[in-house]
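Working notes for the structure below.
2 protein chains.
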Amino acid sequence: MNPVNLKQLAQELNLSVSTVSRALSDSYEISATTKAKVQQLARQLGYEPNPYASSLRRQKSKTIGVVIPEVANNFFSLAINGIEEVARENNYHVLIYLTHDDAQQEATIVQHFASGRVDGILASLAGETQDFSHFSKLQERHIPMVFFDRVCEEFATAKITTDDYRSGYQATQHLLDAGCRHIAHLLISDHLSIGQKRLQGYLDALQAHGLTPDPALLLRGTSNKDRNQTLIQELLQQNPAIDGIFASVETLAMSSYLACRHLGRRIPEDVKIISFSNLEIADLLDPPLTTIAQPAYEMGREAARILFKSILKNRPILPTQSQELKSTLIQRKSTATT
Amino acid sequence: MNPVNLKQLAQELNLSVSTVSRALSDSYEISATTKAKVQQLARQLGYEPNPYASSLRRQKSKTIGVVIPEVANNFFSLAINGIEEVARENNYHVLIYLTHDDAQQEATIVQHFASGRVDGILASLAGETQDFSHFSKLQERHIPMVFFDRVCEEFATAKITTDDYRSGYQATQHLLDAGCRHIAHLLISDHLSIGQKRLQGYLDALQAHGLTPDPALLLRGTSNKDRNQTLIQELLQQNPAIDGIFASVETLAMSSYLACRHLGRRIPEDVKIISFSNLEIADLLDPPLTTIAQPAYEMGREAARILFKSILKNRPILPTQSQELKSTLIQRKSTATT
DNA sequence: TTGTACGCGTTATCAT
DNA sequence: ATGATAACGCGTACAA
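Protein chains in written order, with our numbering: chain A, 161 to 498; chain B, 161 to 498.
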């Protein structure tokens, strides 16, 4: 059984292809009776319009592309939920591409979008990305694009972020208030602006409290979790004074838990830990993890909304449409004072 | 700047469209020099072939559709990782659709696939699904389809599952060995075959130990976590003898943790808990959760491999290509004997 | 080795 | 109210 097309419907009904097409799109110029006949047969034969023919003709793909580092990550999977919801509301389809934090792969993916496969793009940068020329080329082609979370500052488009500087400051402040004086900061990447902002918040908070940041207490995580745990263990051993850890991403907090356990450091008695995290069950950890939770779902949704506003109204996206949402610090036992 | 197409390249080079087309596909009938010229200009102008025109012409979309209940779920996000990897290896694109466990939405999505938008489908059923006719229609159209995890037994196609009966038996056995005599079983849905198998394993294990299963100890979870926690609390209160919980999915285990905490039941002293789960950090929970971990990534990968074998060789998928992978019981403190 | 012509399925324009 | 026709961009059979 082959896919049914307009021609077959037309033949069956002794109508022209164009009449059938119009009947199906509920055009006002078609009589009610023909409409009914056509639509009934279409339903009966399970007719589905060929989306590629339609895309070719209309120069619209009804598809958006989502480019993210990983999907097995609470933040991104929640964001996808938000994106998918808005896409469905607009009868759009969602193509997912994973960069695995590899700039080269990201470039390949984005380059492909010059083909017209998607009407718009939602992207969160690979940690490695330093050269943004692949994105610029898309801008020249006027393909609307919204960045979320791991944004590219330089681009004249909308970006959905959270108040990373403030959160970084607040997290550090929280540890200081809890009595920590030697706070390590674990970051993801040297290149991401959100990482830089969180770092700057950390540095400023320390200095505001009369403390001199110690570069030895900064650790760049890798993509390998075992390696990260080892690095953190070494950090803790080489700097026994460390009494607080501020992790920029969830996995680094988890590696810190394992490192502490391995070294016999108690949380929060010996080391207090706070982390950016969208772990739903932070409360069920041992000990419960104090988190800065980003509104991941809302970020995905807002990014998608802005994108669709542009696609549907055929207007360029302006940087002024950017939004900065608020993260929430949720205090739990991992930073409790004894 | 408009998307570049073959016509423009042809004009620029004083060649015909077909020559350019052939040069780009590295056809043997084109001279090396023209090929070089064409390819250079194509690169220079950032030419990307229009995938929709190509799909229309070739009747191939180079796209697969993935239909799953949720993405914010460790099992499914890991599976997507596996799927995406295989898709990328084959230069295919991945469309993601979420059913949110709603059979109606699933039917709508699947129905749309009759349009030819995808060359193949990977699906994991919505918990609610009872009527499978939407899938049958696709089979009539010979669109290759592989089910994974939440499979539909009735279909003559490949299914990737885990040894759910054995795991259900083993999980129950594990609790029995730990001394439990009143074991509750929390399931997702009455309709999913994997749920039925796990349940059967549970029932058989009980009976093999001379215990009579008590229907009052079976609880069907909902899609609402708070509601689930309430239900579990009621279950525990109405059946104070319960000393073991076997959860069929991770969220029900987490709700059980919260329920126990709320009621002051200690884990594992008062109640031991075991659950199907792909939580990476089960070990960091309080107490660490004994899990049956499914090879989610591998399942996605294998399902995708089978699908691509069919797509690329243009052969139907046979039920004999089905695979049953092994889950692993990882014993942790939540089922420890005191 | 290259060019011409057609068709994939749909939609939009122009006629009747 | 309906039909004929062209075009979207690409790939291929056939011609030259």
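Every residue, glycine too, gets a C-beta built ideally from N, C-alpha and C.
Keep in mind the model is a prediction, meaning the values are calculated, not measured.
Residue i, buried or exposed, once every other Cβ within 10 Å from all chains shown has been counted against 16
i	result
A/GLU394	exposed
A/ASP291	exposed
A/GLN264	exposed
B/GLY287	buried
B/ALA192	exposed
A/TYR325	buried
A/THR495	buried
B/ASP350	exposed
A/LEU472	exposed
A/PRO448	buried
A/LEU347	buried
A/PRO476	exposed
B/GLY404	buried
B/ASN210	buried
B/LYS167	exposed
A/TYR252	buried
B/ASN234	buried
A/GLY339	exposed
B/LEU377	buried
A/LEU478	exposed
Nearest candidate by alpha-carbon position, reference residue i, set the options
i	options	result
B/LEU336	B/ILE402, B/ALA453, B/LEU166, B/GLU230	B/ILE402
A/GLY370	A/ILE490, A/GLN333, A/ILE320	A/GLN333
A/LEU412	A/GLY381, A/GLU300, A/PRO479, A/GLU230	A/GLY381
B/HIS342	B/ILE240, B/LEU472, B/PRO400, B/ILE392	B/PRO400
A/ARG310	A/THR193, A/ILE190, A/ILE228	A/ILE228
A/GLN483	A/THR321, A/ASP186, A/PRO304, A/SER284	A/THR321
B/SER415	B/ILE392, B/ARG426, B/MET459, B/GLY424	B/ILE392
A/HIS345	A/SER353, A/GLY361, A/LEU352	A/GLY361
A/SER437	A/ALA331, A/LEU205, A/VAL177, A/ALA318	A/ALA331
A/VAL409	A/GLU314, A/GLN204, A/GLY328	A/GLY328
B/GLU458	B/ASN165, B/LEU439, B/GLN168, B/SER487	B/SER487
A/GLU266	A/THR289, A/SER275, A/LEU352	A/THR289
B/GLN271	A/LYS220, A/VAL270, A/GLN219, A/ARG203	A/ARG203
B/LEU379	B/ASP364, B/ALA368, B/SER221, B/PHE406	B/PHE406
B/THR498	B/ILE427, B/LEU377, B/ARG358	B/ILE427
B/THR194	B/GLY339, B/LEU173, B/TYR212, B/ARG465	B/LEU173
Nonlocal neighbours in the same chain, by C-beta distance under 8 Å from residue i, ignoring five residues either side
i	result
B/THR372	LEU366
B/ALA170	SER176, VAL177, THR179, VAL180
A/LEU129	Outside the shown range of chain A, which is 161 to 498, sits residue 129 of chain A, and nothing can be said about it.
Nearest-angstrom Cβ-Cβ length linking residue i and residue j, presumed shorter than 8 Å
i	j	result
B/THR451	B/SER435	6 Å
A/LEU445	B/ASP446	6 Å
A/VAL231	A/ILE243	Incorrect: roughly 12 Å between the Cβ atoms, too far for contact.
A/ASP186	A/SER383	Contact doesn't hold; Cβ gap of about 51 Å is too wide.
A/ARG217	B/PRO163	Their Cβ separation, rounded to whole angstroms, is 15 Å, which puts A/ARG217 and B/PRO163 out of contact at 8 Å.
A/VAL278	A/ALA463	Going by Cβ atoms, the distance from A/VAL278 to A/ALA463 rounds to 14 Å, so no, they are not a contact pair.
B/ALA318	B/GLN481	4 Å
A/GLY460	A/LEU238	7 Å
A/ALA453	A/ILE490	6 Å
A/TYR188	B/TYR212	No, A/TYR188 and B/TYR212 are not in contact; Cβ-Cβ is about 28 Å, not under 8 Å.
Sequence-distant residues of the same chain with beta carbon closer than 7 Å to residue i, five excluded per side
i	result
A/CYS312	LEU285, PHE292, PHE295
B/PHE468	VAL246, ASN250
A/LEU418	GLN389
B/PHE273	GLY225, ILE281, LEU298, ILE303
B/GLY355	LEU347, ILE348, SER349, SER408
A/LYS197	LEU173
B/LYS220	ASP279
B/LEU352	LEU285, GLY287, ARG310
Contact set for residue i: own chain, Cβ-Cβ below 6 Å, skip 5 residues either direction
i	result
A/ILE256	VAL226
A/ALA283	VAL227, PHE307
B/ARG425	VAL431
Residue i Cβ short of 8 Å to the ligand ZN heavy atom set
i	result
A/PRO455	No copy of the ligand ZN appears in this structure; indeed no ligand is present at all.
Quiz prompt | Contacting positions in the region 193–220 of chain B - beta carbon closer than 7 Å to chain A | solution = GLY206, GLU208, PRO209, ASN210, PRO211, TYR212, ALA213, SER215, LEU216
Quiz item: Along the region 265–286 of chain A, what residues have a CB closer than 9 Å to any CB found in chain B?
Solution: GLN265, GLN271, HIS272, PHE273, ALA274, SER275, GLY276, ARG277
Exercise. Could you please tell me which residues of the region 295–306 of chain A, in chain order, have their CB closer than 7 Å to any CB of chain B?
Key: LYS297, GLU300, ARG301
Practice problem: Identify each residue in the region 382–415 of chain B for which the Cβ-Cβ distance to at least one residue of chain A is less than 7 Å, and report them in chain order. | Solution: MET414
Self-check item: Residues of the region 166–187 of chain A whose Cβ lies closer than 8 Å to any Cβ of chain B, in chain order
Solution: none
Practice problem: Please name the residues in the region 239–268 of chain B whose beta-carbon is closer than 7 Å to at least one beta-carbon of chain A, in chain order. | Solution: Within the region 239–268 of chain B, the residues whose Cβ lies closer than 7 Å to some Cβ of chain A are ILE240, ASN241, GLU244, HIS253, VAL254, LEU255, ILE256, LEU258, listed in chain order.
Self-check item: chain A contacts made by the region 454–473 of chain B, where a contact means CB separation under 8 Å
Solution: none
Quiz item: Got a sec: which bits of the region 412–445 of chain B sit with their beta carbon under 7 Å from any beta carbon on chain A, in order along the chain?
Solution: MET414, TYR417, ILE441, LEU444, LEU445
Quiz item: When Cβ atoms are compared, which residues of the region 343–366 of chain B fall closer than 8 Å to chain A?
Solution: Sequence-ordered contacts of the region 343–366 of chain B with chain A are nonexistent [C-beta pairs closer than 8 Å].
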